[in-house]
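See structure below.
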Amino acid sequence: MQLSTDIVNDYLVVELKGELDHHTSEDARKKIEQYYYNNNLLNIILDLSQLKFMDSSGIGLVMGRYKNCKERNGNLLIVSTSPYVNKILKMSGLMKIIKVYSTIDEAIKG
Amino acid sequence: MVEKNCMKLEFLSKSSNESFARVVVAAFASQLDPTIEELSDIKTAVSEGVTNAIIHGYEYGEGIVIVETTIENNIIEITIEDHGKGIADINKAMEPFYTSKPDLERSGMGFTVMETFMDDLTVESHVNKGTKIKMTKMFKSLSNRE
Ligand SMILES: Nc1ncnc2c1ncn2[C@@H]1O[C@H](COP(=O)(O)OP(=O)(O)OP(=O)(O)O)[C@@H](O)[C@H]1O
Ligand SMILES: [Mg+2]
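Which chain is which? The protein sequence lines are A and B, in order.
Under the numbering used here, read the first sequence as residues 1033 to 1142, first letter to last.
Under the numbering used here, read the second sequence as residues 611 to 756, first letter to last.
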């Protein structure tokens, strides 16, 4: 899995590419938390639109980052265009508490 | 009609084998000519079962995970077995959001994902002996074609 980050205003933008499972999610969690806390950021945008695979490990990763942001009174936003990823997000109830956008720009504009 | 066929896969409970297992089962299932959606449902369900065997079943040390797949007509049956610690309360384990490992960022949705993405799921488990799950799915794409 590849992970790239960018900082836009007080948003940490994280793009995930490839396959997100138990094997890759722990590394992703460490990297995201490191950037988020080291740069003292408030909000996170997780871009899942380039994932080829995601299982319940992705739900755990999203829930964990949601908690990180809430602890700082920030927001977690998701970018997702894949019907397959959306099916899993919906099943977990995450779509009821987290806003899902189709591009990073839309997410930043709100 | 697809003639009956089966395969058996055994591997060490390493997390790097999660993608290996789901890709092998998906490649085997391709003989039934499933849709892309059906194939990703199967990959996800296998990933859940194998991950459970690795992180829960063999929590205290590595062991062998056994995956068997049978296809016949338009039905696929997948079993995933470990000889690990077992599940004391299966009903509780299968409840949505129940996890024994919240600290590891597990969401407790693995069984729910398997139940949703497959047509049928049964769990057999004995404490200190291990766990065997059996999942079946009917490929609708194939029944329509017949
Ligand atoms: N093979 C297994 N051996 C022992 N215990 C298991 C096994 N599979 C599942 N369990 C138990 O059942 C619980 C629920 O499993 P489930 O897959 O639904 O959630 P999870 O693995 O905890 O989290 P997630 O799959 O969402 O990451 C686990 O937390 C674990 O206690
Ligand atoms: Mg699980």
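All C-beta atoms in this analysis are idealised placements derived from N, C-alpha and C, irrespective of residue type, glycine included.
Counting only residues of its own chain and dropping the five nearest sequence neighbours on each side, Phe707/B has a CB closer than 6 Å to the CB of Gly718. For Tyr1043/A, the enclosing beta strand (DSSP E) covers residues 1043 to 1052. The secondary-structure analysis by DSSP pairs Thr1037/A across a beta bridge with Val1046/A. Cβ-Cβ distances below 7 Å link Ser1036/A to Glu1047 in the same chain, with the five nearest sequence neighbours on each side left out; the list follows chain order. For Arg1061/A against Gly1106/A, the beta-carbon gap comes to about 17 Å, at or over 8 Å, which does not count as contact. According to DSSP, residue pairing for Phe621/B in a beta bridge involves Val675/B. In the same chain as Lys1122/A, and ignoring 5 residues on each side of it, no C-beta atom comes closer than 7 Å to its own. When the beta-carbon positions are compared, Ala703/B and Val737/B stay at least 8 Å from each other.
For the region 627 to 658 of chain B, the beta-carbon criterion of a distance under 7 Å to any beta-carbon of chain A is satisfied by Glu628, Ser629, Ser650, Lys653, Thr654, Ser657, Glu658. The shortest CA-to-CA distance from Glu1065/A to any of Leu1044/A, Phe1085/A, Leu1080/A is the one to Leu1044/A. For ligand 1, a non-hydrogen atom lies closer than 7 Å to the CB of Lys695/B. In terms of Cα proximity to Lys1099/A, the closest of Asp1059/A, Gln1082/A, Tyr1068/A, Thr1113/A is Tyr1068/A. Between Ile1140/A and chain B, the shortest Cβ-Cβ separation is not below 8 Å. Glu691/B is positioned such that its CB atom lies no closer than 8 Å to that of Ile681/B.
Counting along the chain, the unbroken alpha helix (DSSP H) around Gly659/B starts and ends at 646 to 662.
Counting along the chain, no alpha helix (DSSP H) covers Phe1085/A; the unbroken beta strand (DSSP E) around it starts and ends at 1075 to 1086.
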